[in-house]
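Taking it in order: structure first as structure tokens, then the write-up.
There are 2 protein chains.
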Amino acid sequence: MSLLVVGSVAFDTLETPYGVAERIVGGSGAYISLTASQFIKPVHLVSVVGRDFPQSFLDELKSRGVGLDGLEIRKDEDSFFWHGRYHKDLNTRDTLETRLNVLATFNPVVPEVAKTADYLILGNLTPDVQRGVIEQLTRKPKLIVLDTMNFWMDVALESLHRTLLMVDVLTINDEEARQLSGVYSLRKAARKILQMGPTYLIIKKGEHGALLFNKEEVFFAPALPLEEVFDPTGAGDTFAGGVIGYIAKTGDTSFENLKRAIIYGSAMASFCVERFGTERLLNLTERDIQMRLDEFQSLTKLDMVRI
Amino acid sequence: MSLLVVGSVAFDTLETPYGVAERIVGGSGAYISLTASQFIKPVHLVSVVGRDFPQSFLDELKSRGVGLDGLEIRKDEDSFFWHGRYHKDLNTRDTLETRLNVLATFNPVVPEVAKTADYLILGNLTPDVQRGVIEQLTRKPKLIVLDTMNFWMDVALESLHRTLLMVDVLTINDEEARQLSGVYSLRKAARKILQMGPTYLIIKKGEHGALLFNKEEVFFAPALPLEEVFDPTGAGDTFAGGVIGYIAKTGDTSFENLKRAIIYGSAMASFCVERFGTERLLNLTERDIQMRLDEFQSLTKLDMVRI
Chain A
-14 MSLLVVGSVA FDTLETPYGV AERIVGGSGA YISLTASQFI KPVHLVSVVG
36 RDFPQSFLDE LKSRGVGLDG LEIRKDEDSF FWHGRYHKDL NTRDTLETRL
86 NVLATFNPVV PEVAKTADYL ILGNLTPDVQ RGVIEQLTRK PKLIVLDTMN
136 FWMDVALESL HRTLLMVDVL TINDEEARQL SGVYSLRKAA RKILQMGPTY
186 LIIKKGEHGA LLFNKEEVFF APALPLEEVF DPTGAGDTFA GGVIGYIAKT
236 GDTSFENLKR AIIYGSAMAS FCVERFGTER LLNLTERDIQ MRLDEFQSLT
286 KLDMVRI
Chain B
-14 MSLLVVGSVA FDTLETPYGV AERIVGGSGA YISLTASQFI KPVHLVSVVG
36 RDFPQSFLDE LKSRGVGLDG LEIRKDEDSF FWHGRYHKDL NTRDTLETRL
86 NVLATFNPVV PEVAKTADYL ILGNLTPDVQ RGVIEQLTRK PKLIVLDTMN
136 FWMDVALESL HRTLLMVDVL TINDEEARQL SGVYSLRKAA RKILQMGPTY
186 LIIKKGEHGA LLFNKEEVFF APALPLEEVF DPTGAGDTFA GGVIGYIAKT
236 GDTSFENLKR AIIYGSAMAS FCVERFGTER LLNLTERDIQ MRLDEFQSLT
286 KLDMVRI
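So the protein lines, in turn, are chains A and B. Residue numbers for the first sequence follow the working numbering, beginning at -14 and rising by one. Residue numbers for the second sequence follow the working numbering, beginning at -14 and rising by one.
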């Protein structure tokens, strides 16, 4: 099984109540490929960076089985840069600076080796670019996962709708589900969104867990109440990376297996937020993951007694 | 097994995006006793109403096994009245009018028959009044559940702390847990609050479910994603009524059984919000409850496959 990941690889400067991290590696493509490579090899990463990007991080990805044939390195430009400050509750944040740099003209080219990938995950990018990736493939993947955000609903809704027709799984947060559907009830929102194309909808609710819908069923995966959330950056992408990684490894795209996949995704995201950026993901053992999965299961485990 | 319920019985005028309900019956004592009586008889209700309160609702309670020996009816005053308007998201609301009326001088007197009750639940009232109820009992209940709110943390924190020393279960929402403990992480907040007296802490997160803590363990009960939330008034009290009703019926105060109890509480609360006020609770069959419990269980049911 092979996985194609398309997303940004970038620098983030992060301010949280716990400290400041300057120009650390981030971006959806970085988080997704790093997480998915815990489960499946090869991962093909399609992205773009500038002259300022550290070779050491690329070497790290390579050592984990992430193929970089589709990574464009522009010698005359800088990498995408985002500077954000989280509020005290860590659920909301202000963007202090965004420099698109290489991302402004990013036009992903899927390398030959990845055009027949078994699985595809599209990190948050313009819907036009996401659709352009799908159109380069020479074989239909077993599953296409798409992440997007409210910004594209505001400025590129029609393009987003065309892209939604081509994907199997959409991952968005609760506010985005409400915006995309125009209804407040998440159950009704899911029904409307599933008529737009995807077979599955995953609604991410951050510290409140995640919901998985298909046309008939609903499943809820809790988030683990953590001692401390240190930095939420990348949690959604890490979640998505865990989801697609588990699916690709097991080769099963049924609703039952997607339930398991979002538990794995939730477990991976719970590590991500424990440290700045990708730090915790880079220092994760098999045993860490298994123990965290146990915690997730015991959180809702119950022998029901009816009266 | 017998249950003593202390709380308000009142009139609410409610404005939601779905309509207006004028002067319908509400109050924590009404919701809790109505819900608990689905599980256990007798329920003894200690409360106060005025000359304007409908005998028909009292007859309804009596027909469900709710003893009214402790219900004071003041012929020269009016019942407690609250008028609120919910915002579009139904999670926030404005108080438009509060008339304390009989509640201003409410001094609960526990009738003889209820002084040896097996279980006690104290709805949201001033901590002084709540403590005064406990001090009237002639036998220690198997379990005392206390509900409170941020208002008492603002104006009567010392009294609240004294009351917390006397109870077994505290039910509050996530913001209140943060306020009471002074820490943001709910896991840390729980640890601090459990040092204040209670053996168990239940943190209610509304549409995001509920957490149950003791000193060693944590359990999460999801909320069912509903087609439509019509009126959230009374959901927290209905949840508490279901929790104490299930515990009283089963006679088991272990952590394992409290897990089951909060699933029952969540199921009962999910009915409450489907109609205005107590309407849905008054028209609920055994079969409705069983089917809802099935929905709750399937929501997180999972056969995990490790990889």
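Even for Gly, the Cβ is constructed at its ideal location relative to N, Cα and C.
* **Top-ranked residue by Cα proximity to B:Ser13, from B:Arg277, B:Ile178 and B:Leu88** => B:Leu88
Let me know if B:Arg36 comes out buried or exposed under the rule of 16 or more other beta-carbons within 10 Å of its beta-carbon. exposed
For the alpha helix (DSSP H) containing B:Glu45, list its first residue and its last residue.
Gln40 to Ser48
- Is there contact here, the region 118 to 137 of chain B with the region 73 to 92 of chain B, by at least three beta-carbon pairs under 8 Å? no
Check your understanding: Should A:Tyr315 be flagged as near chain B, meaning a C-beta pair shorter than 8 Å?
Key -> Nothing about residue 315 of chain A can be read from this structure; chain A reaches only from -14 to 292.
- Identity of the residue in A:Met(-14), A:Ala6 and A:Ser18 nearest A:Ser306 by Cα: Nothing about residue 306 of chain A can be reported from this structure: the residues present for chain A run from -14 to 292 only.
- Task: Compute the Euclidean distance between the alpha carbons of B:Ile274 and B:Met253, then round it to the nearest angstrom.
- Result: 7 Å
Margin query: Just to confirm my understanding: we take B:Phe(-4), look at its own chain, exclude 5 residues before and 5 after, and list those with CB closer than 6 Å. What are they?
Written below: Arg8, Ser64 and Phe66
DSSP beta-bridge partners of A:Thr156
A:Asp132 and A:Ile187
Cα-Cα, which of B:Val228, B:Pro217 and B:Arg124 is closest to B:Thr77? B:Pro217
Task: alpha helix (DSSP H) segment containing B:Tyr249, residue limits - done: Phe240 to Cys257
*Taking B:Val290 as the query, report the chain A residues whose CB atoms sit under 8 Å from its CB, ordered along the chain.*
Thr235, Asn242 and Arg245
- Task: Confirm, please, whether the CB-CB distance from A:Asp153 to A:Tyr185 is below 8 Å.
- Result: yes
Q. Taking just the CA atoms, how far does B:Ala225 sit from B:Leu211?
A. 19 Å
Are the beta-carbon atoms of B:Thr1 and B:Phe215 separated by less than 8 Å? yes
Notebook entry, point to check: Residues of chain A with a CB under 7 Å from the CB of B:Pro295: which are they?
Noted result: Only positions -14 to 292 of chain B appear in this structure, which leaves residue 295 of chain B out of reach.
Note to self: Quick check on the burial criterion: 16 or more other C-beta atoms within 10 angstroms. Buried or exposed for A:Phe198?
What the structure shows: buried
Any C-beta of chain B within less than 9 Å: which residues of the region 195 to 220 of chain A qualify? Leu196, Phe198, Glu202, Val203, Phe204, Phe205, Ala206, Pro207, Ala208, Leu209, Pro210, Leu211, Glu212, Glu213 and Val214
Run through DSSP, which three-state label would A:Ile25 get? coil
A:Asn242 beta carbon near the ligand NAD (any heavy atom closer than 7 Å):
Absent from the structure shown: the ligand NAD. Ligands present: none.
- DSSP state of A:Tyr104, grouped into three classes? strand
Nonlocal neighbours in the same chain, by C-beta distance under 6 Å from A:Leu204, ignoring five residues either side: Correcting the residue type first, residue 204 of chain A is Phe in the shown sequence and not Leu. Once the five neighbours on either side are set aside, the close Cβ partners of A:Phe204 are Leu197 and Lys244.
Using 10 angstroms around the beta-carbon of A:Arg192, count the other beta-carbons present and answer buried if the total reaches 16, otherwise exposed. The amino acid at residue 192 of chain A is misidentified as Arg; the sequence shows Glu. A:Glu192 comes out buried.
| said: Can you give me the C-alpha to C-alpha distance between A:Leu165 and B:Asp74, rounded to a whole angstrom? | reply: 16 Å
- Is the distance from the Cβ of B:Thr223 to the Cβ of B:Tyr16 below 8 Å? yes
What residues in the region 56 to 88 of chain A have a beta carbon less than 9 Å from any beta carbon of chain B?
Lys73, Asp74 and Leu75
| said: Given this structure, state the Cα-to-Cα distance separating B:Lys200 from B:Ile248, to the nearest angstrom. | reply: 20 Å
- Query: For B:His72, does the three-state DSSP call read helix, strand or coil?
  - Reply: coil
Item to complete: Say whether chain B places a C-beta atom closer than 8 Å to the C-beta of A:Ile248.
Response: yes
Check your understanding: Going along chain B in order, which residues have a C-beta closer than 9 Å to the C-beta of A:Leu287?
Key -> Phe204, Ala206, Glu241, Lys244, Arg245, Ile248, Gln282 and Thr285
Q. For A:Glu45, which option in A:Leu266, A:Phe91, A:Asp279 and A:Leu171 has the closest C-alpha, if you only look at C-alpha atoms?
A. A:Leu266
Practice item. Output the boundary residues of the alpha helix (DSSP H) element that contains A:Asp79. Key: No alpha helix (DSSP H) contains A:Asp79, which is instead part of the beta strand (DSSP E) from Arg78 to Arg84.
When the cut-off is 8 Å and only beta carbons count, does B:Arg172 lie next to chain A?
yes
| query | Between A:Phe24 and the rest of its own chain, which residues show a CB-CB distance below 7 Å, the 5 nearest in sequence each way excluded? | reply | Gly230, Tyr231, Ala233 and Lys234
request  = Return the CA-CA distance between A:Ile292 and B:Phe42, expressed in angstroms with no decimal places.
outcome  = 27 Å
| Can you tell which of A:Val(-9), A:Val51 and A:Gln282 has the C-alpha that lies nearest to the C-alpha of A:Leu110? | A:Val(-9)
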